[in-house]
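J.: Residue numbers 0 to 344, in numbering that gives the first Met the number 0, belong to the letters of the sequence shown in order.
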Amino acid sequence: MKMKALYFSEHGDSTKVQYGEVELPILRAGWSRIKVEAVALNHLDIWIRRGWKGLHLPLPHVTGADVCGIVVAQEGSTHSISAGDRVAVYPGILPASDEFTCRGEPSVSPNYQVLGEHIWGGLAEYVDVPTENLLKVDLNRAAEKIAAPNLVVTTVWRMLFARAALQRGESVLVVGSGGGVNSLTIQICKALGCEVYVVAGGLEKSNRARSLGAADVIDYTLTEDWHKTLMKLTKGRGVDLVVDNVGANTLTKSLKSVRRGGRIVTVGNTSGYQLSLDNRLIFGKQISIIGSTMGSREDWKDGLQFLLDQDIEVVIDGVYPLAEGREQLQRMERGEHFGKIVLKP
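(1) According to the Cβ coordinates, are residue 63 and residue 84 closer than 8 Å?
(2) If residue 91 sits next to residue 153, beta carbons under 8 Å apart, how far is it from one beta carbon to the other, in whole angstroms?
(3) With DSSP collapsed to three states, give me the class of residue 175.
(4) When the Cα of residue 241 is compared with those of 199, 282 and 195, which residue comes out closest?
(5) Tell me whether residue 356 sits in a helix, a strand or coil according to DSSP, three-state version.
(6) Per DSSP, what kind of secondary structure is residue 135 in: helix, strand or coil?
(7) What would DSSP say about residue 78, mapped onto helix, strand or coil?
(8) Counting pairs of beta carbons, one from the segment 334-344 and one from the segment 312-325, are three or more of them closer than 8 Å?
(9) Taking 8 Å as the threshold (beta carbon to beta carbon), is residue 238 in contact with chain C?
(10) How about residue 1 and residue 21: do their beta carbons lie closer than 8 Å?
(11) Under the rule that 16 or more other beta-carbon atoms within 10 Å means buried, what is residue 87, buried or exposed?
(12) DSSP on residue 311, reduced to helix/strand/coil?
(13) Report all residues from its chain with a CB closer than 8 Å to the CB of residue 290; omit the five preceding and five following residues, and keep chain order.
(14) So residue 33 and residue 66 are supposed to be a Cβ contact under 8 Å. How far apart are they, rounded?
(15) For residue 143, which of helix, strand or coil comes out of DSSP?
So this is what it looks like as structure tokens:
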């Protein structure tokens, strides 16, 4: 049996992305097959397609971590989820028990996997996932609103609370505003009474960041030395926490923007991963630089519940046909989006 999918057969640039038919995999024991209603894009889709040293994937490969859909088949499941249920999907594939899973931090494990990265994801008509990863959801809610939060809320919840130990009322600088992680970070920090500063590119993104709850927005297209502006806004103190997922182009300025004894947390590197830093800024100001990746099922569920309780909806850039996926991936690479790009088969 075949299905339509967005896939690549070799690593490289966006020209490697194809839309066409691929063979459905054999459904594994304890897994469910989901008919995809909506799937949201992430920068992860781009990084996987480009590839990196040590990444060895059977090709062709289908990415896509954020999924909402209907269960159409199951293999050997004793779970409460059954065929016909509409579900959201936790995008982490948990490893067998090891020291990290035993202490409730499965995403630290070297054996942790991500839907769409290590196994085929949801940029297709169907996707197979462990049944334990499914959460039954409202049939009346728009599919794109269910798909969009899954990877970002898992990532942001662990990043802010388990790793960066964010406290109510702290000051936070978010470097960049257009992607799903950063836009949701602004919303969650605002809901916790934090003073949120944002570095954004251009008038439109600056205005949208303000609409999400940013107290002050610095447009880096107008102010190259945005760290100096931030220090003026904070009366020379700096912020308690910097969220910097841009990486190579911004981390030095982030180091100059955080207060003494403050924290910088990162879950990505959209501008590159090779860094050149003056480490005197780190030890002299006693700054903690914290890495974070994905999160547990509990992070996912707690984050989703917080969004419901606070009436927060993940920002959606737009909804497009899966067949237009390559063009939308290119838009994301150019940084022309704001929020999550959602595709529908």
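We put the CB at the ideal spot given by N, CA and C, even for glycine.
T.: Looking at the atomic coordinates:
(1) Along the sequence shown, read from residue 1 onward, the residue named residue 63 stands at position 64. Along the sequence shown, read from residue 1 onward, the residue named residue 84 stands at position 85. The answer is no: Cβ separation not under 8 Å.
(2) Position 92 of the sequence shown, counted from the start, is the residue given in the question as residue 91. Position 154 of the sequence shown, counted from the start, is the residue given in the question as residue 153. Contact flag correct, Cβ pair sits at about 7 Å.
(3) Position 176 of the sequence shown, counting from 1, holds the residue named residue 175. In this structure, DSSP gives residue 175 a state outside helix and strand, which the three-state scheme calls coil.
(4) What you label residue 241 is simply residue 242 of the sequence shown in a count that begins at 1. Nearest neighbour of residue 241 by Cα position, chosen from 199, 282 and 195, turns out to be 195.
(5) Since the first residue of the chain shown is 0 and the last is 344, residue 356 is not available in this structure.
(6) Numbered from its first residue, the sequence shown carries residue 135 at position 136. DSSP, reduced to helix, strand and coil, places residue 135 within a strand of the structure shown.
(7) For the purposes of this step, residue 78 is taken as the residue at position 79 of the sequence shown. Here residue 78 sits in coil by DSSP.
(8) Yes, since at least three Cβ pairs between the segment 334-344 and the segment 312-325 fall closer than 8 Å, the two stretches touch.
(9) As a matter of chain content, chain C is missing from the structure shown, which is built from one protein chain.
(10) As a first step, residue 1 is located in the sequence shown; it is residue number 2 there, counting from the start. As a first step, residue 21 is located in the sequence shown; it is residue number 22 there, counting from the start. In contact: residue 1 and residue 21 (Cβ atoms closer than 8 Å).
(11) Your numbering for residue 87 matches position 88 in the sequence shown. By the neighbour-count rule (16 or more Cβ atoms within 10 Å), residue 87 is buried.
(12) Residue numbering aside, residue 311 sits at position 312 when the sequence shown is read from its first letter. Coil at residue 311, not helix or strand.
(13) By 1-based counting over the sequence shown, the position of residue 290 is 291. Non-local beta-carbon contacts of residue 290 in its own chain, meaning distances under 8 Å to residues more than five positions away in sequence, involve 162, 264, 265 and 266 in chain order.
(14) Position 34 of the sequence shown, counted from the start, is the residue given in the question as residue 33. Position 67 of the sequence shown, counted from the start, is the residue given in the question as residue 66. Confirmed, about 6 Å.
(15) To locate residue 143, count along the sequence shown from 1; it is residue 144. Residue state, collapsed to three classes: helix.
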